[in-house]
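Numbering (my numbering), first residue to last: 1333 to 1595.
For every residue, glycine included, the Cβ atom is placed at its ideal position computed from N, Cα and C.
What follows is one structure encoded as structure tokens, with my remarks underneath.
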DNA sequence: ATGGTCGCCATGCGA
């Protein structure tokens, strides 16, 4: 049994108790967090200290920030990938550990939103392209590989509430969708979609305009695996009830479980 | 077409 969870928390300090509850309730082997929004010296280590997770961080003041919390001993750690156009921002962390299934490489990524300006939009496309090149280079290695994160792209019409009205909106423009599909078409599998081919299920709803109440969201958070790990894929869960919490993140946690019995 | 809400940390900016 191997379970991986992924959540854009939109401030780990505000959401620390909620993160702790997730760890206690689900006990994932790995928890991938995005948008920590704090520096390492104010990360709420004390909230998690009795839970026996190894915490790997890439932090940045006020913005971005990614973490991987692991039950397993961290054997390798990387803080960047080749040709990342946002190397000065905290958007990527990678670890590798021995697990019950075997040696497993885990990547946590926070793709730029790209909605601020044309320049940032172009940087987003470059980021996705460089990330794809990196993932292609490692996907067929003889080890398990899982990538999770907030990709800020909804690749298909089924991944948004209203494809017609969103066609020119950032996160759903054709170039972004092509860049995302290029990642999904290169030896990696969109674990939610392979399990739910026709299900309209979102992972993010805007705080504004009652978007959650109207279920006007997008599926922009993903867990992807290589084919070596896909063989053991068991189940996928979107914890959409987290969006009803007091002071929710605008994203909800997602979970993928793998088991030797899945074969 | 506009503005709606959060979280950063003290003000507008990013999402």
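Sheet register partners of residue i (DSSP bridge)
i	result
residue 1386	1402
residue 1558	1520
residue 1493	Bridge partners of residue 1493: none, in fact.
residue 1436	1429, 1476
residue 1549	1537
residue 1586	1338, 1570
Anticipated Cβ contact below 8 Å, residue i with residue j, distance rounded
i	j	result
residue 1405	residue 1439	Incorrect: roughly 18 Å between the Cβ atoms, too far for contact.
residue 1475	residue 1435	5 Å
residue 1470	residue 1477	6 Å
residue 1553	residue 1482	5 Å
residue 1506	residue 1458	Not confirmed; about 16 Å, so no contact.
residue 1590	residue 1467	Wrong, their Cβ atoms sit about 19 Å apart, outside the cutoff.
residue 1543	residue 1549	6 Å
residue 1503	residue 1514	In fact, because the Cβ distance is near 16 Å, the residues do not count as touching under 8 Å.
residue 1388	residue 1577	Not a contact, Cβ separation roughly 26 Å.
residue 1568	residue 1527	5 Å
Helix, strand or coil at residue i [DSSP, three-state]
i	result
residue 1453	helix
residue 1462	helix
residue 1423	coil
residue 1542	helix
residue 1498	helix
residue 1441	strand
residue 1531	coil
residue 1591	coil
residue 1508	helix
residue 1337	strand
residue 1483	coil
residue 1362	strand
residue 1448	coil
residue 1581	coil
residue 1469	helix
residue 1576	helix
First and last residue of the uninterrupted beta strand (DSSP E) at residue i
i	result
residue 1567	1565–1570
residue 1410	1408–1410
Endpoints, the alpha helix (DSSP H) within which residue i is located
i	result
residue 1352	1348–1358
residue 1372	Careful: residue 1372 lies outside any alpha helix (DSSP H) and carries neither H nor E.
residue 1380	1377–1380
Stretch-stretch touch, CB-based, cutoff 8 Å, three pairs: the region 1451–1461 with the region 1519–1533: no
Segment contact, 8 Å Cβ cut-off, at least three pairs: the region 1391–1401 with the region 1578–1588: Segments in contact, no.
Contact the region 1360–1369 vs the region 1397–1412: 3+ CB pairs below 8 Å: yes
At least 3 beta-carbon pairs within less than 8 Å: the region 1406–1415 vs the region 1426–1434: Yes, the region 1406–1415 touches the region 1426–1434.
Cβ contact (3+ pairs, closer than 8 Å) linking the region 1344–1359 and the region 1370–1387: yes
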